[in-house]
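The structure under discussion appears below in the form of structure tokens.
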Amino acid sequence: MATIISSFLVTAIASAVLLAIVMRLLPADFLGAAVTERSNHTQAARQLGGLAIVPAILISLWIYAPENGLDRQFVVTATIAALLLWITGFLDDRHHLPESIRLVSQLLASAIAVYGLGPDFRLLPDLLPLFLERGLLVLALVYFINLTNFMDGLDLMVVSGLGIPLALLAGFSAFGLTALGTGNLAASIAGSLAGFAVFNRPKAKVFMGDSGSLPVGLLSGLAFFLVARDMSVWAGLILPLFFIADATSTLLMRLAAGENILAAHSRHAYQVAKRSGWTVWQVILSVGALNLVLGACALASAQHGPVRLAGILMALVGVALLLYRFRGKKQLPA
85 MATIISSFLV TAIASAVLLA IVMRLLPADF LGAAVTERSN HTQAARQLGG LAIVPAILIS
145 LWIYAPENGL DRQFVVTATI AALLLWITGF LDDRHHLPES IRLVSQLLAS AIAVYGLGPD
205 FRLLPDLLPL FLERGLLVLA LVYFINLTNF MDGLDLMVVS GLGIPLALLA GFSAFGLTAL
265 GTGNLAASIA GSLAGFAVFN RPKAKVFMGD SGSLPVGLLS GLAFFLVARD MSVWAGLILP
325 LFFIADATST LLMRLAAGEN ILAAHSRHAY QVAKRSGWTV WQVILSVGAL NLVLGACALA
385 SAQHGPVRLA GILMALVGVA LLLYRFRGKK QLPA
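Mapping of the sequence shown onto the working numbering: residues 85 to 418, in sequence order.
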């Protein structure tokens, strides 16, 4: 438990300090995110978060990995994959790279990261052959990278929507419910997001940018893969279920409407809620409260019989209700 708490606190402090230094040293207009008609923030913010968050996570990972039992191959490949996305994301923040380059880099990074899980890593050995499971894991990781990027569009959304599930996962590990290495990874990411929250709270001065959301999405996806192995596949799905459901439902709605899904938009449920009159804090606290419930559901899903079924159903109903509430209110006049 001590190492989990330590990795969280060290990464939180490192992330906040590094970000403060970056904000002070770089020009005021460097990686500025202008306010547009699609924006959910009312003042200009800078996309600098990833420049501090990612180094803090990776340094923590290397410091604590040996004593927490994370395999060296996993740490090396996760670091390479995260750095690849970090560089790609930074270049995209600066120069708006073509979608083809972004997709290739995400596929390559995901393949490297999945390879690092090792030959013995299996989630559905009785259902899928190894090659098919690995292919699906790569695609799932690419999807999670992108949905994390999609959800970084409101003050504290990634902190509430991803940081809380990861902190809960770290807590599970501290009490022996997952491998210590799983908890170390989750605590490092959650800690970095806690440090980021100092500057991302309303009204946000900083967002993660692609240099943050892409590698954070990859590393978080790996953490949920590990909890799926350690506890149950259902637990790995339920912890980030709000993010998955919001992004997926939005994608399906846009496909049904015949929209270009590669074009920028503001149709996520949390964005609709904000534009319909919800305050930022109402949205963020609602997501945070739901994620606490999902944490309990994830614990239940790791059991057997009726308890597991109840946990799964409660998670699905809870997420569906919040999405309905977010989307259900008519937009206020401009």
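Idealized CB from N, CA, C, for every residue including glycine. All figures in this text were calculated on a predicted structure; none of them were measured in a lab.
Item, Value
"Could you pull the start and end residues of the alpha helix (DSSP H) that A394 belongs to?", "P390 to G412"
"Does the segment 165–184 come within contact of the segment 290–303, defined as at least 3 CB pairs closer than 8 Å?", "yes"
"Check whether the Cβ atoms of F92 and A382 lie closer than 8 Å to each other.", "no"
"Would you kindly work out how many angstroms separate the C-alpha atoms of G260 and I396, rounded to a whole number?", "22 Å"
"Along the chain, where does the alpha helix (DSSP H) that runs through W365 open and close?", "V364 to S385"
"Please state the DSSP three-state secondary structure of A312.", "helix"
"Determine the DSSP secondary structure at R285, reduced to helix, strand or coil.", "coil"
"Quick check: the Cα distance between G389 and T262, rounded to an integer number of angstroms?", "20 Å"
"Could you round the C-beta distance between F158 and R313 to whole angstroms and report it? I think they count as a contact, below 8 Å.", "Actually they are not in contact, since the Cβ atoms of F158 and R313 sit about 12 Å apart, beyond 8 Å."
"Enumerate in chain order the residues of its own chain whose CB-to-CB distance from A166 is below 7 Å, with the five nearest sequence positions on each side excluded.", "V138, L142, P299, L302 and L303"
"So, at 7 Å on beta carbons, what are the nonlocal neighbours of V282 in its own chain, with the 5 sequence-adjacent residues on each side left out?", "A100"
"Ignore the nearest five residues each way along the sequence and tell me which others in R285's own chain have a CB closer than 8 Å to its CB.", "D239 and L240"
"Can you tell me whether DSSP reads R338 as helix, strand or coil?", "helix"
"Around the Cβ of Y408, are there at least 16 other Cβ atoms within 10 angstroms (buried) or fewer (exposed)?", "exposed"
"Write down every uninterrupted run of the alpha helix (DSSP H) in the segment 175–242 whose length is 4 residues or greater and which is fully enclosed by it, in chain order.", "183–199 and 214–235"
"Note down the Cα distance separating V308 from G320, rounded to an integer number of angstroms.", "According to the sequence as given, residue 308 is Phe; it is not Val. F308 and G320: Cα-Cα distance of roughly 5 Å."
"Only counting the same chain, and skipping five residues up and downstream in sequence, which positions put a Cβ closer than 6 Å to that of L277?", "V243 and G247"
"When you compare the CB of V222 with every CB in chain C, is at least one pair closer than 8 Å?", "Looking at the structure shown, chain C is missing, and only one protein chain is on hand."
"Roughly how many angstroms separate the alpha carbons of A274 and G153, rounded to a whole number?", "19 Å"
"Does A424 come out as helix, strand or coil in the three-state DSSP assignment?", "Examination of residue 424 is not possible in this model, given that the chain is present from 85 through 418 alone."
"From D210 to E217, what does the alpha carbon distance come to, in whole angstroms?", "11 Å"
"Give the straight-line distance between the Cα atoms of S360 and T232, rounded to the nearest whole angstrom.", "23 Å"
"Here's a check: name, in chain order, each residue in its chain whose Cβ is nearer than 8 Å to the Cβ of L339, leaving out the five neighbours to either side.", "I345"
"So is I185 buried or exposed if we call it buried at 16+ other beta carbons inside 10 Å?", "exposed"
"Hey, could you find the ends of the alpha helix (DSSP H) L110 is sitting in?", "L110 -> no alpha helix (DSSP H), and no H or E assigned at all."
"How should A418 be labelled, buried or exposed, when 16 other C-beta atoms within 10 angstroms of its C-beta is the threshold for buried?", "For A418, the predicted structure reports a pLDDT of 34, less than 50, and the residue's modelled location is therefore unreliable. The matter cannot be settled from this model."
"What first and last residue would you give for the alpha helix (DSSP H) that runs through S257?", "I248 to A258"
"If we ignore side chains and look at the alpha-carbon of each, how far apart do M225 and I164 end up?", "It should be pointed out that residue 225 corresponds to Leu in this sequence rather than to Met. Each residue's Cα considered, the two are about 15 Å apart."
"Short of 6 Å in beta carbon distance, which residues of its chain neighbour S316, apart from the five on each side in sequence? Order them along the chain.", "S385 and A386"
"Just confirm the distance between the C-beta atoms of L103 and V290, as a whole number of angstroms; I'd bet it's less than 8 Å.", "7 Å"
"Who does V290 pair with in a DSSP beta bridge?", "R130"
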